[in-house]
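A.B. asks: In order, the protein sequences belong to chains A and B. Numbering-wise, our numbering puts 662 at position 54 of the first sequence, and it's gapless, one number per residue. Numbering-wise, our numbering puts 621 at position 13 of the second sequence, and it's gapless, one number per residue.
2 protein chains.
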Amino acid sequence: MVTIYDIAAKAGVSAMTVSRVINNTGKISDKTRNKVRRVMEELNYVPNHMARSLVLQQSNVLFLLITDITNPFYTTVARGAEDAAKKHGYRLLFGNSDESVEKEKDYIDTILATRADGVLVAPTGDLSLPHLETLRRHRVPFVLLDREVPGMDSDVVLGDSKEGARKLVDHLTSRGHRRIALINGSPLISSARLRLEGYREALKLNDIPFDQNDVLETAFEPRSDLSEIESWFDRMSPPPTAIVAGNNVLAVEVIRTLHARGIRVPEQVSVVCFDDLGPYSEIDPFLTVIAQQAYQFGYLGTQMLIDRIQERDVTGLPWKKIVLPADMIVRRSVSTI
Amino acid sequence: MVTIYDIAAKAGVSAMTVSRVINNTGKISDKTRNKVRRVMEELNYVPNHMARSLVLQQSNVLFLLITDITNPFYTTVARGAEDAAKKHGYRLLFGNSDESVEKEKDYIDTILATRADGVLVAPTGDLSLPHLETLRRHRVPFVLLDREVPGMDSDVVLGDSKEGARKLVDHLTSRGHRRIALINGSPLISSARLRLEGYREALKLNDIPFDQNDVLETAFEPRSDLSEIESWFDRMSPPPTAIVAGNNVLAVEVIRTLHARGIRVPEQVSVVCFDDLGPYSEIDPFLTVIAQQAYQFGYLGTQMLIDRIQERDVTGLPWKKIVLPADMIVRRSVSTI
DNA sequence: TTAAATAATGTTACCGATAACCTCAAGTTA
DNA sequence: TAACTTGAGGTTATCGGTAACATTATTTAA
Numbered sequence: 609m610v611t612i613y614d615i616a617a618k619a620g621v622s623a624m625t626v627s628r629v630i631n632n633t634g635k636i637s638d639k640t641r642n643k644v645r646r647v648m649e650e651l652n653y654v655p656n657h658m659a660r661s662l663v664l665q666q667s668n669v670l671f672l673l674i675t676d677i678t679n680p681f682y683t684t685v686a687r688g689a690e691d692a693a694k695k696h697g698y699r700l701l702f703g704n705s706d707e708s709v710e711k712e713k714d715y716i717d718t719i720l721a722t723r724a725d726g727v728l729v730a731p732t733g734d735l736s737l738p739h740l741e742t743l744r745r746h747r748v749p750f751v752l753l754d755r756e757v758p759g760m761d762s763d764v765v766l767g768d769s770k771e772g773a774r775k776l777v778d779h780l781t782s783r784g785h786r787r788i789a790l791i792n793g794s795p796l797i798s799s800a801r802l803r804l805e806g807y808r809e810a811l812k813l814n815d816i817p818f819d820q821n822d823v824l825e826t827a828f829e830p831r832s833d834l835s836e837i838e839s840w841f842d843r844m845s846p847p848p849t850a851i852v853a854g855n856n857v858l859a860v861e862v863i864r865t866l867h868a869r870g871i872r873v874p875e876q877v878s879v880v881c882f883d884d885l886g887p888y889s890e891i892d893p894f895l896t897v898i899a900q901q902a903y904q905f906g907y908l909g910t911q912m913l914i915d916r917i918q919e920r921d922v923t924g925l926p927w928k929k930i931v932l933p934a935d936m937i938v939r940r941s942v943s944t945i
Numbered sequence: 609m610v611t612i613y614d615i616a617a618k619a620g621v622s623a624m625t626v627s628r629v630i631n632n633t634g635k636i637s638d639k640t641r642n643k644v645r646r647v648m649e650e651l652n653y654v655p656n657h658m659a660r661s662l663v664l665q666q667s668n669v670l671f672l673l674i675t676d677i678t679n680p681f682y683t684t685v686a687r688g689a690e691d692a693a694k695k696h697g698y699r700l701l702f703g704n705s706d707e708s709v710e711k712e713k714d715y716i717d718t719i720l721a722t723r724a725d726g727v728l729v730a731p732t733g734d735l736s737l738p739h740l741e742t743l744r745r746h747r748v749p750f751v752l753l754d755r756e757v758p759g760m761d762s763d764v765v766l767g768d769s770k771e772g773a774r775k776l777v778d779h780l781t782s783r784g785h786r787r788i789a790l791i792n793g794s795p796l797i798s799s800a801r802l803r804l805e806g807y808r809e810a811l812k813l814n815d816i817p818f819d820q821n822d823v824l825e826t827a828f829e830p831r832s833d834l835s836e837i838e839s840w841f842d843r844m845s846p847p848p849t850a851i852v853a854g855n856n857v858l859a860v861e862v863i864r865t866l867h868a869r870g871i872r873v874p875e876q877v878s879v880v881c882f883d884d885l886g887p888y889s890e891i892d893p894f895l896t897v898i899a900q901q902a903y904q905f906g907y908l909g910t911q912m913l914i915d916r917i918q919e920r921d922v923t924g925l926p927w928k929k930i931v932l933p934a935d936m937i938v939r940r941s942v943s944t945i
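1) Answer yes if the stretch 677–690 of chain A comes into contact with the stretch 623–635 of chain A, meaning at least three C-beta pairs across the two stretches below 8 Å, and no otherwise.
2) Does DSSP put residue 695/A in a helix, a strand or coil?
3) Report the residue from 679/B, 726/B, 619/B and 653/B whose alpha carbon sits nearest the alpha carbon of residue 667/B.
4) Just checking, does the stretch 813–827 of chain A make contact with the stretch 774–783 of chain A on the three C-beta pairs under 8 Å criterion?
5) Report yes if the C-beta distance between residue 927/B and residue 761/B is below 8 Å; otherwise report no.
6) Quick one, which residues of the stretch 688–708 of chain A are near chain B if we go by CB-CB under 8 Å, in chain order?
7) Please list the terminal residues of the continuous beta strand (DSSP E) segment that includes residue 878/A.
8) Tell me the DSSP bridge mates of residue 752/B?
9) Does the beta-carbon distance from residue 883/B to residue 681/B come in below 8 Å?
10) When the Cβ atoms of the stretch 817–829 of chain A are set against those of the stretch 788–795 of chain A, are three or more pairs found closer than 8 Å?
11) Compare the Cα-Cα distances from residue 864/A to each of 894/B, 616/B, 841/B and 638/B and report the closest residue.
12) Of the residues that make up the stretch 616–637 of chain A, which ones have a beta carbon closer than 9 Å to any beta carbon in chain B?
13) From residue 956/B to residue 898/B, what distance separates their C-alpha atoms?
14) Figure out for me which residue from 839/A, 854/A, 886/A and 880/A has the closest Cα to the Cα of residue 869/A.
15) Which stretch, first to last residue, makes up the alpha helix (DSSP H) that contains residue 929/B?
16) Could you confirm whether any beta carbon from chain B is found closer than 8 Å to the beta carbon of residue 865/A?
17) Starting from residue 742/A, trace the alpha helix (DSSP H) both ways and give me its first and last residue.
18) Confirm, please, whether the CB-CB distance from residue 652/B to residue 745/A is below 8 Å.
19) Quick one: what does DSSP say residue 896/A is sitting in, helix, strand or coil?
20) Show which residues of chain A have a CB atom less than 7 Å away from the CB atom of residue 886/B.
21) Can you check which of these residues, 747/A, 712/A, 749/A and 724/A, is closest to residue 733/A by C-alpha distance?
22) Interface residues of chain B around residue 647/A at Cβ under 8 Å?
23) Have a look at residue 856/A and residue 675/A and give me their C-alpha separation to the nearest angstrom.
24) Kindly say whether residue 855/B, judged by its beta-carbon, lies nearer than 8 Å to any beta-carbon of chain A.
25) Hey, how far is the Cα of residue 723/A from the Cα of residue 657/B?
26) Going by DSSP in three states, residue 856/A sits in which element: helix, strand or coil?
27) Look at residue 719/B and residue 671/B and say whether their C-beta atoms are less than 8 Å apart.
28) Within the 8 Å Cβ cut-off, does residue 661/B reach chain A?
29) Is residue 777/B helix, strand or coil by DSSP?
30) Does any residue of chain A have a CB that is nearer than 8 Å to the CB of residue 814/B?
31) Along the beta strand (DSSP E) that carries residue 792/B, what are the first and last residues, could you check?
32) Check distances from the C-beta atoms of the stretch 792–812 of chain A to those of chain B and list, in chain order, the residues that come in under 7 Å.
33) Per DSSP, residue 825/A forms a beta bridge with which residues?
34) Determine whether the beta carbon atoms of residue 851/B and residue 879/B lie at a separation below 8 Å.
35) Please classify residue 850/B: does DSSP put it in a helix, a strand, or coil?
36) With residue 771/A and residue 934/A assumed to form a contact (beta carbons below 8 Å), what rounded beta-carbon distance in angstroms separates them?
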């Protein structure tokens, strides 16, 4: 690989002069600058970010750790983060923890080892606490996305999960539903807890008794093992007339299971959920959802992170919390009773 | 940040000894090793990958450049690549060119500057040639995914696009369709060209005349501007009874446009396409597709890449080309005439 | 006219790690 | 016992950049 020393030699100047031309610093005569530029072109020079970061003690790299790369919610978050990062001259790298605490730990180690300037984390849940403590201990600024972690204060971008759950339940009751079940993510995830709370409050306001049997708390990304959902359905007899799903993946699983049992949606059971399905919700404009502003999660979170990085020395700035509104998109997955 | 020098000082040894403990090289007494390990724990030491890569002249990083992060085909490719990379001790970073030649160029520069050991590229199309030449010039091993680029020999993993197109057309003719339109990606993309070829061949074998008006060549990821599809529909009168889409995104756009015009799928027009929709094809098992083995694209491509990296010195090894079969999944988006 | 300022460039040290070579004591072998 | 290994560790140079300081001419101000 070509280095500034190769350039320097061929241009008959010192390496420092080449560095100055590259970074537009110091005073350089036009003649020298042009000569150096020409040699750089000629030799196809590409700067070495690692060497640069090593001496500057900063990498201009941000890292985005998401929990499910196949979920359109998170890929849209990624788009937003990418745009914001580019705008401020940072590069953005991605990682995918697959909702696994272990993979998350691996990524945290990688992030520290690559000396990213800051991190956007959608934590796998409350068990992410030690990982976040590791980041904090090493003074790596981070912003949490979508989920809070008890015991760790930080900047965070959240959706209004409680309000969203209330809206979904209210929508169902307005269509005459009185028996509304909930399939939700793990109670170790803050957004799942808030969705459960919103669900319970809305039931109470509608004078519907809460029944623990109608609630299934599972993983947000169950993919392979559907037996839990199966036995949940078995437990609920008679079946509910409507189901609220804590996210889009669960909604898909629920609908798949219902179909497998020969139950039609929405004719026999209505289904609503959090998070849109990206472009696929258009194919058969079907699911009624709380469409969180995924792009904004990424964009605003990245801006907060960059602010935090650049104010590094200023200690004691209060943590910021952005709560994005929960907007409902009504489609056709709810029947009227 | 803690360095090996801090460890060395506190443990009363030289930095080199610490390095040996970290890498398990050379001869170290158990006593020293334990002492160093203890100090490393105590100080929360994290190795600096950049410093390491700088001296070793290799980063153990692979880069995967895809063209659409919101397309389940590519995110599944990413999963496969990630698993293969991890298996061989490489880290994998992602980039997303959004089907834009300019963004692709930016990423190529970043990749060179970060000194990745190798690159997996799903090129935006034939115009990617100069970018690939840049990689080649800098001796960065790369593997092409999903698309070939004329003028650039390299390792490559492809799907059997021609055969896939034939299967789709044959499926439609077997259901009685005789008027089959094609919406396809840009002719500057090899897979799009092959899909067109397969489509034409299949028409001929079925004694159906080819009509250029029935073919729309657009971008694989049109997202915002649908007027092209609109005017294509306007041109085709009477409308076809079936449409083949060159990928899943186009299929979604077509179906959306049809719905907007009050045309029902598949009752009035049948739609089939390349690439599955990931989990969302399950929600309403609807689209009949050629389901390419996305995970294998990533997994096998990464293995080829690593082979190439590790045989770096051996020149003249022939380029390898893997063509994965095109398997059709028949669902409900085709009507029988 | 001469000291001080400025422009343009070079030198040196360092970022954090590792390869290659060096040292020295203890154990082996003939 | 002299010569040779081996074990365990240290020293130095280097990777590709940049900050800080040094060095020249060349201007400029007094």
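In this text, a Cβ means the ideal position worked out from N, Cα and C, and glycines have one as well. Note that this is a predicted model, so its numbers are computed, not measured.
C.D. replies: Looking at the atomic coordinates:
1) no
2) helix
3) 726/B
4) yes
5) yes
6) Within the stretch 688–708 of chain A, the qualifying residues are 690, 699, 701, 702 and 704.
7) 878–882
8) 729/B and 764/B
9) Yes, the pair counts as a contact, with Cβ atoms nearer than the cut-off.
10) Per the Cβ contact rule, the stretch 817–829 of chain A is in contact with the stretch 788–795 of chain A (3 or more Cβ pairs under 8 Å).
11) 894/B
12) none
13) No information on residue 956/B is available, as it lies outside the stretch 609 to 945 that chain B covers here.
14) 839/A
15) Element bounds for residue 929/B: not the alpha helix (DSSP H) but the beta strand (DSSP E), 929–932.
16) no
17) 737–745 is the extent of the alpha helix (DSSP H) around residue 742/A.
18) yes
19) strand
20) What residue 886/B touches in chain A: 678.
21) The candidate whose alpha carbon is nearest that of residue 733/A is 712/A.
22) Within chain B, no residue comes near residue 647/A; the closest Cβ sits about 16 Å away, beyond 8 Å.
23) 14 Å
24) no
25) 8 Å
26) helix
27) yes
28) yes
29) helix
30) no
31) 788–792
32) none
33) 792/A
34) yes
35) strand
36) 5 Å
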